[in-house]
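Following: one structure in structure tokens, then a few remarks.
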Amino acid sequence: MKTIKITISTFIILLFCFACQQKQNKTTCEDLEKKVDSLTSLYADYEKSPIYKFYHILSKEKRTKVDTALIEEYRRLIGKDELVDLYIWDRIHTINTNDHIGNIIEAFEGTYILKPNHNKKSAKITSIEISKDSCFLYKIKKLVKAEKLKFKNSSNKYTKGKIILNNYRISLSDAIHPKIATLDDNLCMDCEQLQFYKTE
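Going letter by letter, the sequence shown gives residues -21 to -1, 1 to 179 in mature numbering (1 follows the signal peptide of the UniProt record, and there is no 0).
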């Protein structure tokens, strides 16, 4: 008799536990569905937001001239969010500046040789070569310095820009023909400023 009572009690307890477990599983599934729906809704809203569209356009940038085509896409986003507008104007300015710098470097690309009024033997540098992203300094065909271009804009209307290579500063001018590159050694106060002209 005792064993029957224990068996029945155990069966009732198991039945109760099973029913609770089923109810709990159902509640957990419903909670998870609500969370998934909520996250899906949040993501859909995020995809429509100006910041998402901004980052989508930003991911297309290649840091080359082709980026100028993205300016129109950026402009279409202006006015939807004030904070995003600040980022947009910054990107537009950066793209325009990079395009301007790219145009200047392209215009000054080539080989520059020391003007005849300078003494080749005493000059530290006798020729300069400017390529798309690098600058090379030579002393009578021997490479002295080679580095990636570090370009700075110039406020002087006759100087288009400056290239910085460690202690050397090269000013680029197209005020006269042919184009002129002026070299200064920032570590040498007594050194002569050297002028180079572009070879055709």
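Using N, Cα and C, we set each Cβ at its ideal position, and we do this for glycine too.
All figures in this text were calculated on a predicted structure; none of them were measured in a lab.
For Ile30 and Tyr137, the gap between their C-alpha atoms comes out near 41 Å. Going by C-alpha positions, Lys14 is about 46 Å away from Thr76. The beta-carbon separation of Thr90 and Thr161, rounded to 16 Å, does not stay under the 8 Å limit for a contact. Per DSSP, Ile57 lies in no beta strand (DSSP E) and is assigned neither H nor E. In the DSSP assignment, Ile36 falls outside any beta strand (DSSP E) and lies within the alpha helix (DSSP H) extending over Pro29 to Leu37. Judged by their CB atoms, Phe175 and Lys103 are not nearer to each other than the 8 Å cut-off. In the structure shown, Asp153 adopts coil according to DSSP, grouped into three states. Going by DSSP, Cys114 is part of the beta strand (DSSP E) stretching over Ser113 to Lys118. DSSP, read as helix, strand or coil, puts Ile143 in strand. Within 10 angstroms of the beta-carbon of Lys131 lie fewer than 16 other beta-carbons, which makes it exposed. Residue pairing by DSSP places Arg148 opposite Ile143 and Asp163 in a beta bridge. Membership of Ser106 in the beta strand (DSSP E) is indicated by the continuous run Ser106 to Ile109.
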